[in-house]
Each structure stands twice: as structure tokens, then as C-alpha cells.
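This report concerns only the one structure given below.
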Amino acid sequence: MKFSVKAWSTSKGNSAARTGVFQLGNCPQIETPALLLSTRKGLPHFISPDLLPSLPIPDSSLLHVSPLHFMEGISSKTISSIGGIHKMIGLHDFGLAAVARDSIQCLPESSATNKLGASFETPCGRLLIKPAEYMGIISSLRPNLWATLADEVPAWVSKKRNKNSVDRTVKWLDECVALSPASGVAFGAIVGGSDVEERRRCAQEVVKRNVSGYWIGGFGFGESTDERPALLSAVTDILPKDGPRLISGLGLPEEVLQGVAAGIDLFDSSYIYHLTIGGFALTFPLDNKTYASDLKLTGMGSDQTKINLKATVYRKDATPIVESCSCYTCQNHTKAYINHLLNVHEMLAQILLEIHNTHHYLGFFRSIREAIKEGRFEQFREMFVEKRRIHLAEVAVCA
Amino acid sequence: MALRFEVLGRFNRARAARLTLPHFVCQTPLFMPVGTQGTIKGLTTNQLEEIGCQIILGNTYHLALRPTSELIDELGGLHKFMNWPRAMLTDSGGFQMVSLLHLADITEKGVTFQSPVDGKPMLLTPEESIQIQNRIGADIIMALDDVVKTTITGPRIEEAMYRTLRWIDRCIAAHKKPNEQNLFGIVQGGLDPVLRDICVRGLVERNLPGYAIGGLAGGEDKDSFWRVVAQCTALLPEDKPRYVMGVGYPLDIVVCSALGADLYDCVYPTRTARFGTALVPEGVLKLKHKAMAEDTRPIDPTCSCMVCKNYTRAYIHCLVTKDAMGSQLLSYHNLHYMLQLSRDLHSSIIEERFPDFVRGFLQKMFPKGDVPEWVCNAMEVAGIKI
Ligand SMILES: [Zn+2]
Ligand SMILES: [Zn+2]
């Protein structure tokens with residue numbers, strides 16, 4: 000792995016936003032802030048491997064894989080004999096990052112976590128996974144990057160439980176690192192719930208350890224939007240400038256912007272999965288310049304960032320989701336067709352939506368990087384958040 | 000007539016042909032994947048082209064319900080609606096009604112059924128079926144026939160056959176786009192050679208662009224099945240395509256092709272994929288089976304498809320029936336298998352090695368030499384020694 004920061008946001012305010020270059024395994028160098036594509040058992044949920052090259056390259060070459068997906072159905076021994084995750088999924092030039100939580104089907108269940116290991120709700124039921132077991136799967140998968148096992152807790156737990164989670168996460172970090180496989184770099188897990196002090200304490204402990212980067216957990220777990228910036232900064236202020244930072248659980252565009260402002264480099268994309276399953280397509284303009292002219296999204300199912308293609312207004316709409324979009328879906332199919340596919344519950348709807356939404360969100364990240372490089376990240380962010388706030392206010396007035 | 004059918008090679012009854020349709024030039028024998036609702040489950044149209052799919056089938060009954068034929072027409076036809084540039088075929092909708100709706104009843108007027116939308120009685124006449132198919136705009140459209148179960152016997156079979164012949168004239172009269180769409184007639188008559196004979200002669204008199212052999216693949220015994228196919232192909236004109244409806248097991252396709260049939264359709268390859276079954280030269284491979292969990296070979300080591308080049312049985316085992324990607328990948332392989340089989344049939348006839356191909360196919364499927372009796376009988380008629 001190689002990582003270096005190339006530019007810092009110079010815009011007003013105390014933004015810590017930064018762009019950098021990140022290189023993982025055989026994967027071509029990628030600019031950050033970047034998105035890790037969400038997967039199920041290593042492959043995107045609906046985009047089959049032969050369709051992946053239609054997404055922007057190399058932006059789409061980082062995948063998030065959850066080791067928990069392989070607790071059933073295939074043994075670690077078989078994964079090893081296949082030759083690890085890259086060979087198993089047939090994507091040799093992709094960078095694979097392993098993080099236990101997938102923010103979709105595998106979520107931490109803190110009430111069942113104990114000193115032995117972390118508990119998760121998964122499609123195969125509740126699982127308690129110990130650091131040694133976790134590292135066993137990591138060793139057979141051989142991802143390019145893996146986060147140490149964490150005890151993630153929601154925002155509402157007691158101070159004592161939260162403190163406990165930091166202690167455990169640091170202890171497990173040492174246990175995981177001691178069992179490091181030969182290949183792949185370790186990212187130290189940082190938790191601390193919604194307590195700024197605990198966040199700091201955890202970051203300080205992790206920074207002392209021999210890790211190549213940082214995974215920030217415990218977000219998207221009931222903390223409020225307003226308290227998030229302080230929690231994020233508490234962590235990133237302590238982290239060394241030259242270490243990459245990966246976060247889970249920040250999905251919405253506004254949340255990503257909060258993360259970028261705090262100096263996060265890598266994000267997961269479970270948001271895209273949730274959009275796709277709900278029949279939504281992202282439509283927000285990708286840069287401020289086109290905001291004024293492009294925003295003619297009227298009618299039902301639109302909140303100015305996305306549209307719901309299940310809405311009957313799209314029944315006869317023979318235009319693509321986004322007129323200017325160069326993705327496979329928009330180049331080949333109309334809203335009317337996707338509306339029909341959703342109506343009759345055909346899988347192609349999800350395939351086409353995941354392609355467009357991924358393509359669009361990768362475009363959003365590109366815009367973020369450009370804004371940072373051009374020293375206008377704060378303006379970009381304010382404009383984006385403002386547009387959205389105005390719209391939500393209008394909706395509230397109408398209702 | 001909006002097609003050209005040129006036989007390029009033969010072996011006895013078997014033929015390899017070039018079928019030129021308004022949207023695509025197809026090579027027969029050919030399997031047509033079924034895209035019931037304007038999509039082949041889990042595949043993009045680009046992927047379909049990539050695996051060599053030349054013509055797909057749409058189900059009129061489903062499309063007429065949603066999104067409706069009026070909407071498809073308004074948006075420029077099904078080709079444009081689903082962005083499929085190659086050939087397409089639609090069925091009449093009658094079979095779907097009879098098989099899917101319990102309360103369907105056939106009278107001289109047409110098929111009466113209870114609307115699945117509001118429960119009201121509805122009527123699908125031959126005229127309406129053709130009108131709907133004209134709106135959908137497929138390269139090949141099918142006449143509305145009086146469908147009866149093959150396992151039924153007695154006067155109902157005869158009634159259905161004569162009604163099918165009466166309805167074909169109503170279909171021909173209702174067909175508004177004979178220069179853009181080809182109306183195929185359907186041979187009925189159950190398992191009765193006399194009735195089948197009358198029906199074929201009746202249809203051939205109408206000089207249609209192509210003919211289908213209907214009323215099969217409905218649970219009849221295999222010996223009756225191939226005999227009906229053999230009888231009909233012998234009577235049908237040499238210079239017109241012959242389509243055996245609902246036939247889709249690889250073995251059936253090989254046998255029917257040897258007997259002189261050209262086109263096939265079946266939901267089997269994609270449906271079986273969703274249940275975790277792969278089509279392989281040896282027959283089928285059940286990926287759900289525990290033994291697959293540790294099998295690091297590809298589904299079919301001789302297959303050149305994207306799935307077999309990249310994935311192990313163990314990984315597919317871990318995906319099938321649980322994750323969408325499992326059925327996407329298996330459908331891809333299974334359709335690739337069917338289309339490769341179509342290409343192999345075509346090229347082996349052209350290259351004058353058809354009997355060898357058939358023997359090789361049977362050898363792989365029945366390595367112990369236990370080729371079923373009905374296949375042996377059919378091959379004798381096809382002039383292929385096994
Ligand atoms: Zn698009
Ligand atoms: Zn294959």
C-alpha cells in the first residue's frame with residue numbers, strides 16, 4: 000500500500016479536507032477521497048464482473064469485503080486453496096479492503112458482544128467472532144487491507160459501556176496485529192461512540208500501534224448530525240497526517256461531505272445498495288456550475304438528490320435517468336423501462352440502478368476532489384447542503 | 000412475408016440455415032431464451048449479445064398486463080422499449096392464459112378468462128392477440144391456437160385442432176404488418192398422427208412464413224414426443240423455418256434438430272439457474288449440493304464463458320439461492336451453454352460432421368452407453384448410428 004496527501008483544502012473555515020493518492024495491491028493508483036464499492040461475498044450486489052469495466056476506471060477499483068460473509072457456505076480451507084479472495088472473485092486488479100461490518104446485513108450487536116469477541120447480526124443469525132477466528136478468515140481471504148476487529152457501540156450506550164468498547168477494541172487490535180498474515184496491511188480500528196474524550200483516547204492508543212492506516216467505526220449508530228463533526232475531528236486531529244483514514248457508516252452525500260471536511264479519505268457505499276433496493280436513482284447535479292440550470296426535477300418521487308423510479312410519473316418517460324450521464328444504464332435505457340422492471344419485480348432493475356447509482360456517486364467523489372484541489376471545498380459543501388436544506392424547508396411548508 | 004430462410008447445409012433431415020429476420024440474421028438450429036416481461040432474468044441486453052443470443056422471446060400475456068401493449072406501442076415497440084437490437088418473437092398469449100389462469104375457458108370466439116387485475120371476465124380473440132402482437136412489434140408473431148394438454152385424449156383434441164385451423168384465417172386477416180412481422184401458424188392435433196396430418200396440410204395451404212409444432216413438452220411420454228416432431232417436420236415445407244414450442248432440454252434440442260426442426264424456446268435454462276442448477280455436457284450440476292462446497296473446479300472446464308473462466312464451483316455454491324449474483328452468474332452460464340449448443344449444431348451440420356457431433360454429445364451425457372430407448376429410436380429415423 001502507498002498513500003500520500005497531495006492537497007489540503009485551503010478554503011475558509013477550519014476544514015481538514017484533503018486529496019491524496021492511494022495505491023493498493025495490483026490496483027491502479029486511485030485519488031482520494033474515494034469510495035469503496037459495497038459487495039456481497041466480494042462481488043458487487045448486482046453488477047456482475049463483466050459489467051464492472053463499464054464503471055469509471057480506476058475510481059471503481061476499490062471493493063469492500065466483509066469477512067463475515069464467509070462464515071457459512073464456504074470454508075477458510077477452500078478459500079485458501081482457491082488462492083484467496085482476489086482469485087475467488089476473479090478480480091485480480093482490484094483493491095480489496097476487509098471490514099467486518101457491511102452496514103447492510105451484517106451489523107454489530109453490541110449487547111451481545113463480550114470480552115471474548117464481537118457480536119454481529121447476520122443473515123445466518125447472530126455470530127460472535129473472536130479476534131483469532133476473524134484473523135483466520137482474513138488469512139485465507141488475503142485482502143490487500145484489513146481493519147482490526149472492533150467493539151462498535153451505538154450512541155446511546157452508557158459511558159461505562161463506551162469506555163469498555165474502547166478498551167476492548169485496543170486489546171483486539173493488539174491480538175489481531177499479532178496474528179497478521181504475510182500479505183495485506185492492517186488498519187487500526189478506532190471507536191469511542193459519541194463521547195469526544197473516548198474518541199480521542201482510542202485514537203491516541205491506536206496511533207501508538209504499528210498500523211498502516213486507520214479505520215473509524217461507530218458512526219451511523221444513532222449519533223446526531225450536529226455532534227458528528229466534533230467526534231470526527233476529535234479522531235482525525237490526533238491521527239498522523241500521512242496515514243489513510245477509512246470510515247464506515249457515513250453514506251448520504253451530506254454525511255460524506257462531513258467526513259471529507261474532517262479529513263477522511265475512504266468511504267463505504269452501503270448507501271448505494273439501500274437506494275438501489277428502494278428503486279431510487281441519484282440525480283443531483285455533480286457540480287455547482289450546473290446546479291441552477293440542471294435542477295428541473297419536478298413531480299413526485301424527487302427530493303432533488305434522487306428520484307423514485309417506482310413512481311407512476313415515469314411510466315411513459317422515455318428519457319434516461321440523467322440526460323448527461325455516461326453510464327451504461329443511461330446510455331441504453333429509459334426511466335419508463337426501469338419503472339416497468341420495478342413494477343414486475345425483475346432483477347434487471349437492480350442491476351441497472353446499481354450501475355447508475357455507483358457511477359453517479361463516483362462522479363460525486365470526483366467533484367469533491369476537484370473542489371478540494373481548486374480550493375473551494377467549503378463552498379461546494381455549503382452550496383450542496385444549502386440546496387438540500389432549502390428544498391426540505393419547501394417540502395415542510397407544502398406539507 | 001418478412002423473412003428469408005436459406006438452408007446452408009444438411010444431414011438427412013437435419014438442416015443448418017440462415018434465417019433473415021427484420022432485426023437480425025439468425026443461424027439455425029437456434030435456442031431462443033425467454034424474456035417473459037421484456038427482460039431475460041438477470042442479464043443485460045449487452046450480455047445477451049455477448050453470449051451470442053440472436054433472438055429472444057417475449058410473453059404477450061404478461062406484456063399486455065404490464066406495461067400494456069398500448070404503452071409499448073407508444074414508446075416505439077418492444078425492441079426500443081427494452082433496447083434489444085436483435086430479433087424477437089412473441090407468443091399469442093393463449094397458452095399462458097390456459098396454463099396460468101384456472102378460470103380460462105375456450106369458445107369459438109376466443110379464450111375467455113378472469114382478469115388477474117380486477118377479476119372481470121375478459122376475452123382474448125385471435126384478432127386481439129394479433130393486434131397486441133402488432134403493437135409489441137416482434138419479428139415473429141404467433142397465431143392464437145386452441146391449446147389442450149397433450150395428456151388429454153378424445154374429441155377435445157380434434158375440436159382444438161379444427162378450431163386452430165379456423166382461427167388461423169382470422170389471425171391472417173387481422174395481421175396488419177405482414178411486411179414487418181412474420182405470422183407463424185401452430186400445428187396442433189395432440190398425439191394423433193391423423194389429426195396432426197390434417198393440421199399441417201391445412202396450415203401449409205395458407206403459405207405462412209413459418210410453422211410451429213405446438214402442444215408438446217407438456218408431460219407426454221418421450222416416444223410420443225419425438226414421433227410427433229418427426230411426423231410434422233417430414234410434412235412441413237423444406238424452405239420454411241420450423242419451431243418446436245416449449246422445448247428446451249439440451250437432449251431434446253439435439254434430437255429435434257436431427258429430425259429437422261430449427262427453433263426452440265424454454266424457460267428451463269434460466270429457471271433452473273435460479274434453483275442452483277447448471278447445464279453441463281454431462282447433464283446437470285446441482286451447485287447447491289454439499290459436495291460443491293469444496294470443489295475448486297469451474298462449473299464446466301470445457302466452457303469458455305465468463306463464469307467458467309473466473310469462478311469455482313465452491314464460490315458459486317456459496318452464492319446460489321442466497322444471493323442475486325448466484326442466479327445472475329448461473330443464468331449467464333446456462334444461456335451460454337444453450338447458445339453454444341446451437342452454434343455447435345449449426346456448424347457441425349455445415350461442416351458435415353453432424354453424426355459425430357451427436358454421438359459425442361450422447362457419449363458425454365450417457366458415458367455408460369445407456370442412451371434412452373426413445374433417443375435411439377429417433378436417431379434411427381434421423382439416420383444417425385449410435
Ligand atoms: Zn447513469
Ligand atoms: Zn460456463
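Residue numbers (numbering that gives the first Met the number 0), protein chains in the order written: chain G, 0 to 398; chain A, 0 to 385. Where a beta carbon is used, it is the ideal one built from N, C-alpha and C, also for glycine.
{"Check": "Identified DSSP bridge partners for G:ALA185", "Outcome": "G:TRP145"}
{"Check": "Chain A residues whose Cβ lies nearer than 8 Å to that of G:ILE73", "Outcome": "ALA292, ALA313, TYR314, HIS316, CYS317"}
{"Check": "CB contact below 7 Å: G:ASN342 versus chain A", "Outcome": "yes"}
{"Check": "Chain-ordered neighbours of G:LYS309 on chain A, where CB pairs are closer than 9 Å", "Outcome": "Result: empty, since nearest Cβ-Cβ is about 13 Å, beyond 9 Å."}
{"Check": "Beta carbon proximity, G:GLY124 to chain A, threshold 7 Å", "Outcome": "no"}
{"Check": "Alpha-carbon spacing of A:MET141 relative to A:ILE383, whole angstroms", "Outcome": "32 Å"}
{"Check": "Meets three-Cβ-pair contact criterion under 8 Å: the segment 355-363 of chain A and the segment 225-243 of chain A", "Outcome": "no"}
{"Check": "Cutoff 7 Å; reference A:PHE94; Cβ partners in own chain excluding five residues on either side", "Outcome": "VAL146"}
{"Check": "Own chain, CB closer than 6 Å to A:PRO366, minus 5 neighbours either side, in chain order", "Outcome": "none"}
{"Check": "Neighbourhood of A:ILE349 by C-beta distance below 7 Å, restricted to the same chain and skipping five residues each side", "Outcome": "LEU7, GLY8, ALA15"}
{"Check": "Stretch-stretch touch, CB-based, cutoff 8 Å, three pairs: the segment 55-68 of chain G with the segment 261-280 of chain A", "Outcome": "no"}
{"Check": "Burial state of A:LEU18, where buried means 16 or more other Cβ atoms lie within 10 Å", "Outcome": "buried"}
{"Check": "Start and end residues, alpha helix (DSSP H) containing A:LYS289", "Outcome": "No alpha helix (DSSP H) contains A:LYS289, which DSSP labels as neither H nor E."}
{"Check": "Pair within 7 Å by beta-carbon distance, G:PHE276 and G:ASN356", "Outcome": "First, the amino acid is wrong: residue 276 of chain G is Ile here, not Phe. Contact flag unset, no."}
{"Check": "Sufficient close CB pairs (3 or more, under 8 Å) joining the segment 330-343 of chain A to the segment 101-111 of chain G", "Outcome": "no"}
{"Check": "Check: A:VAL279 C-beta below 6 Å from any heavy atom of ligand 2", "Outcome": "no"}
{"Check": "Cβ-heavy atom distance, G:ILE46 to ligand 1, below 6 Å", "Outcome": "no"}
{"Check": "Within-7 Å CB hit, A:ALA277 to chain G", "Outcome": "no"}
{"Check": "C-beta contact flag for A:ASN309 and G:GLY24 at 7 Å", "Outcome": "no"}
{"Check": "Outcome for A:ILE156 when other beta-carbon atoms lying within 10 angstroms are tallied against a minimum of 16", "Outcome": "buried"}
{"Check": "Contact test: G:HIS332 Cβ vs ligand 1 heavy atom, cutoff 6 Å", "Outcome": "no"}
{"Check": "Cβ-heavy atom distance, A:CYS304 to ligand 2, below 6 Å", "Outcome": "yes"}
{"Check": "Residue span of the beta strand (DSSP E) that contains G:PHE266, given as start and end", "Outcome": "265-267"}
{"Check": "G:THR328 beta carbon near ligand 1 (any heavy atom closer than 6 Å)", "Outcome": "yes"}
{"Check": "Alpha carbon of G:PRO32 to alpha carbon of G:VAL255, nearest angstrom", "Outcome": "9 Å"}
{"Check": "8 Å contact criterion, which G:ARG100 and G:SER211 should meet: CB distance rounded", "Outcome": "The pair is not a contact, with the Cβ atoms about 20 Å apart (cut-off 8 Å)."}
{"Check": "G:MET205 - DSSP class collapsed to helix/strand/coil", "Outcome": "It should be pointed out that residue 205 of chain G corresponds to Val in this sequence rather than to Met. Three-state result, G:VAL205: helix."}
{"Check": "Distance between beta carbons of G:TYR360 and G:LYS334, contact taken as under 8 Å", "Outcome": "In fact, because the Cβ distance is near 19 Å, the residues do not count as touching under 8 Å."}
{"Check": "Element boundaries [beta strand (DSSP E), containing G:HIS68]", "Outcome": "Note, G:HIS68: premise wrong, no beta strand (DSSP E); not H, not E."}
{"Check": "Boundaries of the beta strand (DSSP E) in which A:ALA103 is found, first to last residue", "Outcome": "From DSSP, A:ALA103 is part of no beta strand (DSSP E); its letter is neither H nor E."}
{"Check": "For A:ALA137, the nearest candidate out of A:THR152, A:LYS119, A:PRO84, A:ASP104 (CA to CA)", "Outcome": "A:PRO84"}
{"Check": "Nearest to G:LEU406 (by Cα), restricted to the options G:ASP166, G:SER79, G:MET87", "Outcome": "What the structure shows of chain G is the stretch from 0 to 398, and residue 406 of chain G is not part of that stretch, so it cannot be assessed."}
{"Check": "A:ALA277 in three-state terms, based on DSSP", "Outcome": "strand"}
{"Check": "As assigned by DSSP and simplified to three states, the class of G:LEU115", "Outcome": "coil"}
{"Check": "Distance between G:MET134 and G:CYS175 (C-alpha atoms, nearest Å)", "Outcome": "6 Å"}
{"Check": "Under 7 Å between C-beta atoms of A:THR35 and A:THR59", "Outcome": "no"}
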